[in-house]
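Take the sequence shown: its letter number 400 is residue 523 in our numbering, and every next letter is one higher.
For every residue, glycine included, the Cβ atom is placed at its ideal position computed from N, Cα and C.
Predicted model only: the values in this text are computed from it and were never measured.
Presented below is the structure to which this report refers.
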Amino acid sequence: MILRDIKGQSMLVVMVLILASFLLCSAVLVMGTNARKIAAFEANQDKAYYIAEAGVEKVLADAKNGPVWLRNLRIGSEYNFLANNLSGKDYGEGAFEHIIVKKLSEDKKHTALEIECRGKCGSSIKRIKVNVILENVYPENLFRGLWLADDSSAGDNVFNLAADSYFAGDVMINSGSHITGNIYCRGLVCLQCEDGGATEIDGDIYALGGVDFTGAGQLSIKGSIYVDDINKAPDELRDITIVLSAGGLAAKIPDAAEFPALLSAGRLAWYQKNAGFSQLPPVDSAVMAFQNGIYFINGDCALSGIYSGNALLVVDGSVTLGNLIKSAGADSLAILAAGPVSFAADSGDIDALLYSAGQVNCSDGPDIRGSMLAAGLAGPGGTINISYDRDMFNSFRDSSSWTTCFVRVTRWNE
């Protein structure tokens, strides 16, 4: 009887142990399964976030080229980037769920956008909302003729322009100048008309500081003068003078705020880091064949010859240009120089969009077909010949405008 009770108790203990082991194994199995599910969910969450982030990057990559959809998007309006620009929703191991762009504000220099993206991976969905400011997204607001930053920066130079001109301060248009295009000035435009030298303006003059002229020589203005006070125009020119409000006149002058700082220390470092090429292309069959992208030269640079392709050349130093001619109408070369720009004595034709954070010496009188922006002019003076090349600008805009557009993120929310 006692033995039978002991056997029964032993069997009961064994059964309890077996049941406990089963429950423990089941718990471990459930915990392992849950852990795997949690790990998979967390992995999908990360992937969904990266997909949403990729959506933001796709919008910015396209927007930096100043596309038609961005130009036509009105302030306060939204644009369905996913439906209109991407061929499908799939991306990586997941998909884009939603990519909407809203234009918050815009002026000649800045375009503010709100970008909302949702990425999905498995059952996980992540949302990112970003506010960004695009600076200089439209290259026509940069490369548009002659643009000088310094007061009285024209010096003793004579202008022979077939392009608009922009002056950050007072400017003297010297006797003998011929300008076919509008003059935009934040200061005073003084037209010099000395005996024996005719000054001709075939365009309008917009001047915040007013207009004046000196000398008894010949002056011809085939356009109108715009000021904000009739007393800012001489009596002899009041028959072609139109008075606007101060705000209305300022609005007519593009980028009245400041000369574009394309080569600040931060941007120069960005160009060096993101350049695809660190030296000029080799000459092949007497032609320098540029590839689409950014070339960064660390130091002074001398450049001449025939070139092909579309590129941006950034020089952290001075630039000396000889004859520089594009091979075909679709070619374009924009040159940004951190230092001064000068021209070789035998330079004749220059096909380029030029920018100098320093001064440009045009005393040798090259013919620039394209555009020129400079902090000021150096040298003893000469004739500045600039004609706006629409084909070159269009080629740069279509292929390389992203190289002069900078993105600043002002808000990032998940």
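#1: Given a cut-off of 8 Å, decide if Gly320 and Thr303 are closer than it, judged by their beta-carbon atoms.
#2: How would you call Thr533, buried or exposed, if buried means at least 16 neighbouring beta carbons within 10 angstroms?
#3: Going by beta carbon distance, what residues of the same chain come within less than 7 Å of Glu216, once the five residues before and after it are set aside?
#4: Please state the DSSP three-state secondary structure of Lys541.
#5: Report all residues from its chain with a CB closer than 6 Å to the CB of Leu193; omit the five preceding and five following residues, and keep chain order.
#6: Using 8 Å as the Cβ pair cut-off and three pairs as the minimum, do the stretch 419-439 and the stretch 392-411 touch?
#7: Which of helix, strand or coil does DSSP assign to Ala186?
#8: Taking the alpha carbon of Ala457 as the point to measure from, which residue in Ala434, Glu201, Phe204 and Lys225 has its own alpha carbon closest?
#9: Please list the terminal residues of the continuous alpha helix (DSSP H) segment that includes Ala272.
#10: With DSSP collapsed to three states, give me the class of Ser523.
#11: For Phe384, count neighbouring C-beta atoms within 10 Å of its own C-beta (all shown protein chains included) and say buried if the count is 16 or more, exposed if not.
#12: Is Val182 close to chain C, meaning its C-beta is less than 8 Å from at least one C-beta of that chain?
#13: In or out: Glu239 buried (at least 16 other Cβ within 10 Å) or exposed?
#14: Does the beta-carbon distance from Gly493 to Thr506 come in below 8 Å?
#15: So, with DSSP's three-state summary, where would you put Ser518?
#16: Out of Ser408, Gly310, Thr322 and Leu386, which one is the CA nearest neighbour of Leu372?
#17: Cα separation between Asp472 and Ala206?
#18: By the DSSP assignment, the beta strand (DSSP E) with Arg492 in it spans what residues?
#19: Can Leu496 and Tyr511 be called in contact, C-beta distance under 8 Å?
#20: With DSSP as the reference, please indicate the residues paired to Asp213 in a beta bridge.
#21: If you run the structure through DSSP and keep just helix, strand and coil, what is Glu317?
#22: Just confirm the distance between the C-beta atoms of Val464 and Val437, as a whole number of angstroms; I'd bet it's less than 8 Å.
#23: When you compare the CB positions of Arg175 and Lys225, do they come within less than 8 Å of one another, or not?
#24: Tell me whether Asn354 is buried or exposed, calling it buried when 16 or more other Cβ atoms sit within 10 Å of its Cβ.
#25: Pull up the distance between the alpha-carbon of Gly445 and that of Asp474, whole angstroms please.
#26: Going straight from the alpha carbon of Tyr349 to that of Ile256, what length do you get?
#27: Just the Cα atoms here: how many angstroms apart are Thr526 and Ala498?
The short version:
#1: no
#2: exposed
#3: Lys170 and Cys244
#4: Past the edges of the chain, shown from 124 to 537, lies residue 541, and the structure says nothing about it.
#5: Ala186
#6: yes
#7: helix
#8: Ala434
#9: It is not in any alpha helix (DSSP H) - Ala272 carries neither H nor E in the DSSP assignment.
#10: helix
#11: Reading the sequence as shown, one finds Ala at residue 384 and not Phe. Exposed, since its Cβ has fewer than 16 Cβ neighbours within 10 Å.
#12: Going by chain labels, chain C is absent from the structure shown, which holds only one protein chain.
#13: buried
#14: no
#15: helix
#16: Gly310
#17: 47 Å
#18: Asp490 to Ala501
#19: no
#20: Ala218
#21: coil
#22: Incorrect: roughly 13 Å between the Cβ atoms, too far for contact.
#23: For clarity, residue 175 is Ala in the given sequence; the question names Arg instead. Not closer than 8 Å, so no.
#24: exposed
#25: 11 Å
#26: 32 Å
#27: 21 Å
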